[in-house]
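Asks: Following the numbering used here, the numbering of the sequence shown begins with 32 at its first residue and continues without gaps.
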Amino acid sequence: DISIADLARQSYQSESSLYRKFKKEFNTSPIDWLLRFRIRKAQEFLIRSDMSIANVAAATGFKDQLYFARQFRKITGCSPKQFRNDNHGRVQSICGEAIQDQW
32 DISIADLARQ SYQSESSLYR KFKKEFNTSP IDWLLRFRIR KAQEFLIRSD
82 MSIANVAAAT GFKDQLYFAR QFRKITGCSP KQFRNDNHGR VQSICGEAIQ
132 DQW
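Next comes the structure, spelled out in C-alpha cells:
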C-alpha cells in the first residue's frame, strides 16, 4: 500500500503540502484519486476476464471484498456483478467507452 506519508517523504515535502498541491492539480484528494484508479482497474478486469469478484478485489488492492463492493457501487452506481453482467465481453474500443462513461 502507498500512503500519503510515503509519497510526501519521496517528494521531499510535508503531507499537507503534498495534499494541497495534489488537490489543486487534480481537483481531488490523493486518496480519492487512488480509489477511483483502483475501481477503474477493477472495471477492466470485470469486462476482460472471468476472474471472481473476490479475485478482482484482491488484484486491485482491496483486502475486504465487502468494502470493495461498497466503494465500487459508490463510484459506478452499480455492483461489480451488475457491471460485469452489463459489460462483460465487450470489445476493447467499446470497453474504453463503457469505463469512461462512469467518470
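Where a beta carbon is used, it is the ideal one built from N, C-alpha and C, also for glycine. Every value quoted in this text rests on a predicted model; they were computed, and no experiment measured them.
Distance check for P61 and N118, CA to CA, integer angstroms please.
Replies: If I take the Cα positions, the gap works out to 28 Å.
Asks: For K72, which option in I35, V87, N116 and S83 has the closest C-alpha, if you only look at C-alpha atoms?
Replies: Minimum Cα distance to K72 is reached at V87.
Asks: Return the residue from the list K52, L66 and R40 that minimises the CA-CA distance to R101.
Replies: It is L66.
Asks: Just confirm the distance between the C-beta atoms of I70 and T107, as a whole number of angstroms; I'd bet it's less than 8 Å.
Replies: Their Cβ separation, rounded to whole angstroms, is 7 Å, which keeps I70 and T107 in contact under 8 Å.
Asks: Taking its Cβ as the centre, do 16 or more other Cβ atoms sit within 10 Å of F114, making it buried, or is it exposed?
Replies: So F114 counts as buried.
Asks: Which term fits I33, buried or exposed, when burial requires 16 or more other beta carbons within 10 angstroms of its beta carbon?
Replies: It counts as exposed.
Asks: With C-beta atoms as the reference, is F76 less than 8 Å away from A90?
Replies: Taking 8 Å as the Cβ cut-off, F76 and A90 qualify as a contacting pair.
Asks: Where does F57 land, buried or exposed, given buried means 16+ other C-beta within 10 angstroms?
Replies: Classification of F57: exposed, given that the 10 Å Cβ count is below 16.
Asks: Taking P111 as the reference, which of S47, A36 and Q74 has the closest Cα?
Replies: Nearest of S47, A36 and Q74 to P111, Cα basis: Q74.
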